[in-house]
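Protein chains: 2
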Amino acid sequence: MNTSIIEMKPIGIIHTPFTSIENMPIQPMAAKEILGTIEIFPEYAEGLLDLEEFSHITLLYHFHKIDGFQLKVKPFMDTVEHGIFATKSPKRPNAIGLSTVELLSVEKNVIHIKMIDVLDGTPLLDIKPFFARFDNREDTKAGWLDRQINLKVDSLRSDDRFK
Amino acid sequence: MNTSIIEMKPIGIIHTPFTSIENMPIQPMAAKEILGTIEIFPEYAEGLLDLEEFSHITLLYHFHKIDGFQLKVKPFMDTVEHGIFATKSPKRPNAIGLSTVELLSVEKNVIHIKMIDVLDGTPLLDIKPFFARFDNREDTKAGWLDRQINLKVDSLRSDDRFK
Numbered sequence: 023m024n025t026s027i028i029e030m031k032p033i034g035i036i037h038t039p040f041t042s043i044e045n046m047p048i049q050p051m052a053a054k055e056i057l058g059t060i061e062i063f064p065e066y067a068e069g070l071l072d073l074e075e076f077s078h079i080t081l082l083y084h085f086h087k088i089d090g091f092q093l094k095v096k097p098f099m100d101t102v103e104h105g106i107f108a109t110k111s112p113k114r115p116n117a118i119g120l121s122t123v124e125l126l127s128v129e130k131n132v133i134h135i136k137m138i139d140v141l142d143g144t145p146l147l148d149i150k151p152f153f154a155r156f157d158n159r160e161d162t163k164a165g166w167l168d169r170q171i172n173l174k175v176d177s178l179r180s181d182d183r184f185k
Numbered sequence: 023m024n025t026s027i028i029e030m031k032p033i034g035i036i037h038t039p040f041t042s043i044e045n046m047p048i049q050p051m052a053a054k055e056i057l058g059t060i061e062i063f064p065e066y067a068e069g070l071l072d073l074e075e076f077s078h079i080t081l082l083y084h085f086h087k088i089d090g091f092q093l094k095v096k097p098f099m100d101t102v103e104h105g106i107f108a109t110k111s112p113k114r115p116n117a118i119g120l121s122t123v124e125l126l127s128v129e130k131n132v133i134h135i136k137m138i139d140v141l142d143g144t145p146l147l148d149i150k151p152f153f154a155r156f157d158n159r160e161d162t163k164a165g166w167l168d169r170q171i172n173l174k175v176d177s178l179r180s181d182d183r184f185k
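First to last, the protein sequences are chains A and B.
Residue numbering for the first sequence follows this note's numbering, starting at 23 and increasing by one per position.
Residue numbering for the second sequence follows this note's numbering, starting at 23 and increasing by one per position.
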């Protein structure tokens, strides 16, 4: 039964140099040197205790500039269509984005980060501490992504297809 | 400004052997041999195209049995409190869970998975394809988790503290 609605409230805002949905790095791996800050709303700041001991954190956020969704998309990294769930394209049924970024420091309710690939003003939903022993996966297969072995990730940028 | 509400709708239901919140594996790494299925609601099934070529997928889901949140928690893997965002404990401001599981096969709108650590009946919000080249992180530091080096992950189970 697909009737239940789940309500989420942003816990903060991600600030980055990217003010337009075009020409952005499409993955953290393509944004290695990009600096950003996360402003956690003061009422949640206590939840940051001990976070600064982690070198990497996974951010869950809302693709707030995306309207509606498509079940099949031509992602930035390919020229043919795939099911939306076989891609990380933003036009998803629940517009949740996921990026694992580098944590530089935490000052009160502000987190300084690097390797961030999201639009300025993005509403943050959650932070998970990254623990390589639990979160890395080895011996993986990645279908169409594996076949794009010659792509130049560092220089890949978005265009306006999901505007 | 923390006023906006973001509405999510489940795209499917995760079926697992775990019918009680107690005595569950606390991470996919502690659930290596656990089998489950995901029933994607038919209206989203088209979005699964090409997903079966991936060996691992990241599930985002709703901790539907969790009420409210705590900003500081004593997680299953430690005996002292940490900020909620420095843990993966379920009692979070937005009760979103994240698990990267093994994909075995896809049959129409049903996905067979292994290494699943969630409660039976968990509402699924999103699926991201796992791509090791983008999603693994090396040379990481993980604070209090690193200090738990002697823990026996495979045998770690939940208790009723987040009931």
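Beta carbons: idealized from backbone N, C-alpha and C, even for Gly.
{"Check": "Any C-beta of chain A under 7 angstroms from that of residue 85/B", "Outcome": "no"}
{"Check": "Members of the stretch 63 to 85 of chain B that neighbour chain A once the beta carbon cut-off is set at 9 angstroms", "Outcome": "63, 65, 66, 67, 68, 69, 70, 71, 72, 73, 74, 75, 76, 77, 78, 79, 80, 82 and 84"}
{"Check": "Segment contact flag, the stretch 96 to 110 of chain A with the stretch 51 to 66 of chain A, C-beta cutoff 8 angstroms, min 3 pairs", "Outcome": "no"}
{"Check": "Residue closest to residue 144/B, alpha-carbon to alpha-carbon, out of 29/B, 38/B and 28/B", "Outcome": "38/B"}
{"Check": "Interface flag, residue 59/B vs chain C, CB-CB below 7 angstroms", "Outcome": "Any reference to chain C falls outside this structure, whose protein chains are A and B."}
{"Check": "Rounded distance between the beta-carbons of residue 76/A and residue 163/B, thought under 8 angstroms", "Outcome": "6 angstroms"}
{"Check": "Separation of residue 79/A from residue 46/A, as counted between CA atoms", "Outcome": "20 angstroms"}
{"Check": "Endpoints, the beta strand (DSSP E) within which residue 125/A is located", "Outcome": "118 to 129"}
{"Check": "Neighbourhood of residue 92/A by C-beta, 7 angstroms cutoff - its chain only, sequence neighbours within 5 removed", "Outcome": "106 and 113"}
{"Check": "Listed by chain order, chain A residues near residue 152/B by CB distance under 8 angstroms", "Outcome": "159, 162 and 164"}
{"Check": "Residue 124/B, buried or exposed, once every other Cβ within 10 Å from all chains shown has been counted against 16", "Outcome": "buried"}
{"Check": "Residue 167/A and residue 153/B closer than 7 angstroms at C-beta", "Outcome": "yes"}
{"Check": "Under 8 angstroms (Cβ pairs) to chain B, residues found in the stretch 138 to 151 of chain A", "Outcome": "145, 147, 148, 149, 150 and 151"}
{"Check": "Chain B contact residues for residue 104/A, given Cβ-Cβ distances below 8 angstroms", "Outcome": "71 and 72"}
{"Check": "CB contact flag (residue 73/B, residue 150/A, <7 angstroms)", "Outcome": "no"}
{"Check": "Beta-carbon neighbours of residue 122/B, restricted to chain A and to distances below 8 angstroms", "Outcome": "157 and 159"}
{"Check": "Between the CA atoms of residue 179/B and residue 26/B - distance to the nearest angstrom", "Outcome": "36 angstroms"}
{"Check": "CB of residue 109/B within 7 angstroms of CB of residue 95/B, strictly", "Outcome": "yes"}
{"Check": "Residue-level contact to chain A via CB, residue 130/B, 7 angstroms cutoff", "Outcome": "no"}
{"Check": "Neighbourhood of residue 259/B by C-beta distance below 7 angstroms, restricted to the same chain and skipping five residues each side", "Outcome": "Outside the shown range of chain B, which is 23 to 185, sits residue 259/B, and nothing can be said about it."}
{"Check": "For residue 106/A, three-class secondary structure by DSSP", "Outcome": "helix"}
{"Check": "Nonlocal neighbours in the same chain, by C-beta distance under 6 angstroms from residue 182/B, ignoring five residues either side", "Outcome": "44"}
{"Check": "Cα-Cα separation, residue 34/B to residue 87/B", "Outcome": "16 angstroms"}
{"Check": "Opening and closing residue of the alpha helix (DSSP H) in which residue 141/A lies", "Outcome": "Residue 141/A -> no alpha helix (DSSP H), and no H or E assigned at all."}
{"Check": "Under 7 angstroms between C-beta atoms of residue 158/B and residue 158/A", "Outcome": "yes"}
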